[in-house]
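In what follows, a structure is listed as structure tokens, so that the remarks can point back to it.
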Amino acid sequence: MTMNLNGTEKRVDLRTDEMLLDVLRRLGLHSVRRGCDTSACGICTVLVEGKPVLSCSYPAARAEGKRVTTVEGVRAEAEEIGRFLAAEGVEQCGFCSPSLVLTLLSLVRENPQPTMDEVRHYMAGNLCRCSGYEGHLRAIGK
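Residue numbers (the working numbering): 1489 to 1630.
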């Protein structure tokens, strides 16, 4: 399979039933975290064609010819979002940060002026066990 991974064409040999999460981790992209493996927590979120997908349940073969982005591929933007989150005390354990940053980045690219209800709806699939989301919402509102 060939995909555009973080701006670079990448050819990868796949196993028949391999999920995108496993391929990305095999390629050394450890920002893509394994959480629940049931599509419930959002920790494994990456962007495919600019949209958030849960890589633990996304068959890797579906990424053929597509643009796949991990937080490594949007480093400058991720660091900026991370600064806003850290300023509001959100960065506690950091386990959910890569997926949360990608989800927020997708949201603001799609809708540069989201309402708080739109933000809550968009973030609904990303679990953070540390913070309770109030800091996230304060940071996004700035």
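Note that CB positions come from ideal geometry on N, CA and C, so glycine has one too.
Item                                                                                                                          : Value
Consult DSSP for E1497 and reduce its assignment to one of helix, strand or coil.                                             : strand
Is the beta carbon of P1547 less than 9 Å from the beta carbon of L1508?                                                      : yes
Smallest Cα separation from G1538: which of R1626, R1597, V1607, T1603?                                                       : R1597
In angstroms with no decimal places, state the Cα-to-Cα distance between M1604 and N1492.                                     : 33 Å
Which of helix, strand or coil does DSSP assign to P1600?                                                                     : coil
May I have the straight-line CA-CA distance separating A1575 from G1523, to the nearest angstrom?                             : 26 Å
CB S1519 to CB V1578, shorter than 9 Å?                                                                                       : no
Does the distance from the C-beta atom of A1566 to that of V1589 stay below 9 Å?                                              : yes
Relative to the alpha-carbon of L1512, which residue among V1536, T1526, C1529 has its alpha-carbon at the smallest distance? : V1536
Under the rule that 16 or more other beta-carbon atoms within 10 Å means buried, what is C1581, buried or exposed?            : exposed
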